[in-house]
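J.:
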Amino acid sequence: MPGMEFGSWVPLALIGLAALLAAGMSFFSGFGLGTLLLPVFALFFPVPLAIAATAMVHLANNLFKFGLMQRHANWPLVWRFGLPAAGAALLGASLMVWLDALPVLARYTLVGMQMEITPIQFVIGALIVAFALLEFWPRFQHMSFAPRWMPLGGVLSGFLGGLSGNQGALRTAFLLKAGLSKEAFLATGIVAAVLVDLSRLLVYGLGPLSTHWAASDDWLAPVAVLCAFLGSFLGQRLLPKVTLDSVRVGVAALMLLIGLGLMVGLI
Numbered sequence: 002m003p004g005m006e007f008g009s010w011v012p013l014a015l016i017g018l019a020a021l022l023a024a025g026m027s028f029f030s031g032f033g034l035g036t037l038l039l040p041v042f043a044l045f046f047p048v049p050l051a052i053a054a055t056a057m058v059h060l061a062n063n064l065f066k067f068g069l070m071q072r073h074a075n076w077p078l079v080w081r082f083g084l085p086a087a088g089a090a091l092l093g094a095s096l097m098v099w100l101d102a103l104p105v106l107a108r109y110t111l112v113g114m115q116m117e118i119t120p121i122q123f124v125i126g127a128l129i130v131a132f133a134l135l136e137f138w139p140r141f142q143h144m145s146f147a148p149r150w151m152p153l154g155g156v157l158s159g160f161l162g163g164l165s166g167n168q169g170a171l172r173t174a175f176l177l178k179a180g181l182s183k184e185a186f187l188a189t190g191i192v193a194a195v196l197v198d199l200s201r202l203l204v205y206g207l208g209p210l211s212t213h214w215a216a217s218d219d220w221l222a223p224v225a226v227l228c229a230f231l232g233s234f235l236g237q238r239l240l241p242k243v244t245l246d247s248v249r250v251g252v253a254a255l256m257l258l259i260g261l262g263l264m265v266g267l268i
């Protein structure tokens with residue numbers, strides 16, 4: 002929350018644990034770090050800063066995973082999918098900055114406290130809810146697209162990545178049908194994610210979000226980065242052994258609650 006002291010161990014523990022688990026998950030599913038970490042960051046930061054902080058952790062972790070997996074990447078597919086994604090991420094990030102500058106949508110009183118709903122809270126909350134509901138839809142887990150749709154997939158996932166950080170689920174759906182090995186699928190997705198993160202951080206850092214950074218605490222993002230590194234390292238070791246259906250349902254439930262909280266101004 003704005004103005005809150007971040008020196009306590011509770012925010013550090015929550016974000017560190019979320020980063021550890023989500024980074025480990027991302028080695029099995031191809032996504033998960035931003036999906037889980039953004040709602041947790043949103044508990045302690047203004048929504049635009051939560052998105053930017055998540056992008057920093059996401060980029061650092063993907064660079065770490067790139068070092069572990071880069072030899073497996075399918076580079077022709079990276080250019081067909083990743084370059085359109087990077088360009089669309091610039092547009093999505095610009096839209097997020099624009100939404101952050103809009104006036105408050107509504108104010109109300111709840112148990113004596115003044116609550117407000119901003120456009121950025123509502124839009125990001127709605128996207129988080131949408132992705133949470135998709136996780137509960139069995140067909141979504143098996144959804145994939147023909148290889149000819151790769152550039153379009155890059156545009157869609159990159160735009161959503163720039164706007165809200167929720168890029169991985171669509172990226173996974175499009176890359177699944179590319180005929181890649183498990184290692185090549187993960188490595189190609191990692192490179193595409195790095196391109197998107199670089200694009201959106203360029204917009205976040207140069208725009209009005211820089212004022213949020215000046216007032217923020219310095220510890221949460223570094224703790225999240227270190228825990229994400231550990232999660233990725235452990236995830237690589239466990240890659241052949243783990244299934245995640247129950248974990249995905251739990252994460253989706255958490256996302257649904259936090260997304261609804263954002264939409265109605267409780268977070």
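Residue numbering for the sequence shown follows our numbering, starting at 2 and increasing by one per position. From the three backbone atoms N, C-alpha and C, an ideal C-beta is built for every residue, glycine too. Just so you know, these numbers come straight off a predicted model, no measurement behind them.
#1: Tell me which residues share the same chain as residue 209 and place their Cβ nearer than 7 Å to its Cβ, disregarding the 5 neighbours each side in the sequence.
#2: Counting C-beta neighbours from all protein chains within 10 Å, is the total for residue 110 16 or more, i.e. buried, or is it exposed?
#3: Sort out for me which residues DSSP pairs residue 107 with in a bridge.
#4: Just checking my contact of residue 125 with residue 48 at CB under 8 Å: how many whole Å lie between their CB atoms?
#5: What does the Cβ neighbour count give for residue 106, buried or exposed, with the cut at 16 atoms within 10 Å?
#6: Taking the alpha-carbon of residue 140 as reference, which of 158, 174, 152, 115 has the nearest alpha-carbon?
#7: Only counting the same chain, and skipping five residues up and downstream in sequence, which positions put a Cβ closer than 6 Å to that of residue 155?
#8: When the distance is taken between beta carbons, is residue 195 closer than 8 Å to residue 64?
#9: Comparing alpha-carbon positions, which option in 73, 229, 227, 171 lies nearest residue 158?
#10: Excluding the 5 residues preceding and the 5 following residue 71 in the sequence, name in chain order all residues of the same chain whose CB lies nearer than 7 Å to its CB.
#11: Ends of the alpha helix (DSSP H) at residue 172?
#12: According to the Cβ coordinates, are residue 1 and residue 202 closer than 8 Å?
#13: Alpha carbon to alpha carbon, what distance is there between residue 227 and residue 138?
#14: Check the C-beta distance from residue 186 over to residue 176 and give it rounded, since I have them as a contact under 8 Å.
#15: Can you give the Cα-Cα distance for residue 19 and residue 120, rounded to whole angstroms?
#16: Alpha carbons only, please: which of 179, 229, 62, 123 is nearest the one belonging to residue 265?
#17: Throw me the rounded Cβ distance for the residue 204 and residue 94 pair, which I believe falls under 8 Å.
#18: Start and end of the alpha helix (DSSP H) containing residue 179?
#19: When we look at the beta-carbon of residue 58 and count the other beta-carbons within 10 Å, is it buried (16 or more) or exposed?
#20: CA-CA distance, residue 115 and residue 267?
T.: Working from what's here:
#1: The predicted model places residue 209 with a pLDDT of 48, which falls under 50 and marks its position as unreliable, so this point remains unresolved.
#2: exposed
#3: 118
#4: 5 Å
#5: exposed
#6: 174
#7: 82, 85, 86
#8: yes
#9: 171
#10: 188
#11: 169-176
#12: The question about residue 1 has no answer here: the residues shown for the chain are numbered 2 through 268.
#13: 33 Å
#14: 6 Å
#15: 26 Å
#16: 123
#17: 4 Å
#18: Segment: none, residue 179 is in no alpha helix (DSSP H) and carries neither H nor E.
#19: buried
#20: 10 Å
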